[in-house]
Structures are given as C-alpha cells and as structure tokens.
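See below for the structure under consideration.
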Amino acid sequence: MKQHSRTPGILIFGMVMVPCGWILNLTSTVAPNWRTLHNLPNTPSDTFIQQGIWDICRATSTNTREQCNLQDTTYFGNQIIEVAQGLMVASLILTLIGLAVAIPGVRCWRDKPNWVVAGLGGLLFFLSGVMTIIPIAWYTHILQDVASVTPQTDVRVGYCIILGYIGGIFEILGGFVMFIGICRCCGGKNRGERRVEEIPGARFSHQKPPPRRIEVPSLNRARSTASSVAYSKDSLDEDVSFPRAKSPAPRVLNTSYGGRPYDADL
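With full-length UniProt numbering as the guide, the letters of the sequence shown map in order to residues 1 to 266.
Listed below in structure tokens is the structure:
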C-alpha cells in the first residue's frame, strides 16, 4: 500500500527553482552588463563602458549616472550578439510555456499530481535552461575576441554573465528533477511515495482494540423438586460470598451404644 504526500518534494523543488532562474535570466537578458571595458583610449581613467546584448552604456566610478543608448555597429554585428538575443528571448518564452504546462500537472490543490504533464513541463524547463547556458558560455569563451576591443583595453566579465549561469543552472536542475518523476522507479521513492509499513505508527494507527471479554454466569444449575425456584438450595449456598450467611452443616451423632461416654456428650 502506498501513501502520497499532497505535493511531492521533487515538484515543489522544481516549481521553486524555475521561477527564480527565470527572474535571473530576465535580468541577464535586459541588463547592459555582459562585459565591462576599462582603460579605454582617449578617455578618463575612471570611465568604463558596459556592454550587453541590447544596449551599451558609459559610466564613471565617481558618478552613479550612466549614459546609455550608445551606438556600436561593430559590436552588435558580431554573430554571438545575434545568437544571444534569439536564444535568451526564446528561453524566457519557453519557461513561461513550461509553467503553463507544469502548473496543471502539479495540481497542488489535489492529492495526486499528473506526473506525465508535470514531467513534460520539467522537460521544457530543462531545455530553457540549456538555451540560456549556450549563449552565456559562448560569450564567456570569446570574451576577449569580441570586436571593439583594443590591446590596451581591460575586459572584465559583467554581472549578467554570472546571473545567466545561475539562472540557467536553476532551470536545468528544476526541470530535470521534475522530469524524472514521469516514470516511477525505486519503488516510487523518486515520487516521494512511502510504504505504510515504513511510516512510524502507521501499523497500529488503524487497528481496533480487542473486544472486552464479558463472563456470563452459568445457568446450568440443578433444579429443585421441592421448590418452585429453578435452582437448588445447595447452589445458593455456593454463590454466597459471606461464610456466616451459609446454612450450617448437619451434625453427625454417634448412635453406637458401645462407645464410652465423654464429657462432651453430656
């Protein structure tokens, strides 16, 4: 006999990790900080440029204000920028589709989820995470080779790369954990199922206490022929709990004349 928790742990894990990863991926997509360029020629030393896949901004370390919407056709003409734009947007959309599929499958308002639908949603989450990791890893690999960089320029990894890695890993882990629930294995342990015998106290929780034994007095008594009562006088004496209430035993007289008299006989 199996017992299901209301919402299995693997589904809770996936439905928590995936939205967190989606938020990180969204930030990584729209923020202009995939890499930063320092020590730019003909610019102050405290000035640096932040480059993303949609926008480029100029900022200084002494001022919080940024100048964005800078034009750099050479940078945006790189193949990695076009690929990253398409894959990151597709990853965000695919995650939303996966949530629309997985939520009816998880069915946290019911006792038993639909594992096939939830597993399909987990597969979409997994693919979405892979689509995020591909452009992030590719961009990191050719970070120094992307155009608009001079030999004197100090190129550093931006925070969008880190957020993209974390978000993609979150979606891959959450999707994989949800997908493994599509098939039941290891005695249902991958779905959080447990045998009733393994649950402490479950063996005795549904057993009824043994019935209380009641002793009924026996009615098989000898019927007296001299009385209208359906039992004899001897049976009454046996049922009396107090010795003084019992009838005295009959005395036995010594009727032999040959016996010698004693003081007790006088």
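Note that the Cβ used here is the ideal one computed from N, Cα and C, for glycine as well.
It should be emphasised that the depicted structure is a prediction, and the values quoted were computed from it without experimental measurement.
Give me the Cα-Cα distance between residue i and residue j, rounded to the nearest whole angstrom.
| i | j | result |
| --- | --- | --- |
| Trp115 | Pro19 | 20 Å |
| Tyr139 | Thr29 | 13 Å |
| His38 | Val89 | 29 Å |
| Val155 | Phe176 | 35 Å |
| Asp145 | Leu173 | 31 Å |
| Ile103 | Ile214 | 58 Å |
| Val196 | Ala84 | Bear in mind that a pLDDT of 48 at Val196, under 50, signals an unreliable position, so the number given afterwards is only what the model happens to contain. Straight-line Cα distance between these residues: approximately 51 Å. |
| Ile169 | Ile97 | 18 Å |
| Pro44 | Thr64 | 16 Å |
Pull up the CB-CB distance for residue i and residue j, whole angstroms please, since I reckon it's below 8 Å.
| i | j | result |
| --- | --- | --- |
| Leu24 | Ile166 | 5 Å |
| Gly129 | Gly14 | About 11 Å; that fails the 8 Å criterion. |
| Pro41 | Leu87 | No, Pro41 and Leu87 are not in contact; Cβ-Cβ is about 33 Å, not under 8 Å. |
| Leu124 | Val106 | Going by Cβ atoms, the distance from Leu124 to Val106 rounds to 13 Å, so no, they are not a contact pair. |
| Leu127 | Leu94 | 6 Å |
| Leu70 | Ile80 | Not really, about 19 Å apart at Cβ, beyond 8 Å. |
| Gly181 | Ala118 | 6 Å |
| Thr132 | Glu82 | Thr132 to Glu82, Cβ: 16 Å. No contact. |
Specify the secondary structure class of residue i as computed by DSSP and reduced to three states.
| i | result |
| --- | --- |
| Thr62 | coil |
| Cys68 | coil |
| Gln51 | strand |
| Ile182 | helix |
| Val157 | strand |
| Ile56 | strand |
| Leu143 | coil |
| Leu40 | coil |
Apart from the five residues on each side of it in sequence, which residues of its chain come closer than 7 Å, Cβ to Cβ, to residue i?
| i | result |
| --- | --- |
| Gly52 | Ala31, Pro32, Asn33, Trp34, Cys160 |
| Asn78 | Val146, Ala147 |
For residue i, which residues from the same chain have a beta carbon less than 6 Å from its beta carbon, with the 5 sequence-adjacent residues on both sides left out?
| i | result |
| --- | --- |
| Trp54 | none |
| Leu99 | none |
| Trp22 | Thr95 |
| Ile12 | none |
| Glu66 | Cys57, Ala59 |
Assuming contact is defined by CB atoms lying nearer than 8 Å, are residue i and residue j in contact in what I supplied?
| i | j | result |
| --- | --- | --- |
| Thr36 | Ala147 | no |
| Ser61 | Asp72 | no |
| Gln50 | Gly164 | no |
Counting only the same chain and skipping the five closest in sequence on each side, list residues whose C-beta sits under 8 Å from that of residue i.
| i | result |
| --- | --- |
| Ile142 | Ile80 |
| Gln152 | Asn39, Pro41 |
| Cys186 | Because the pLDDT of Cys186 is 47, which lies under 50, any placement of that residue in the model is unreliable, and the number read from its coordinates should be weighed accordingly. Excluding positions up to five away in sequence, the list is empty. |
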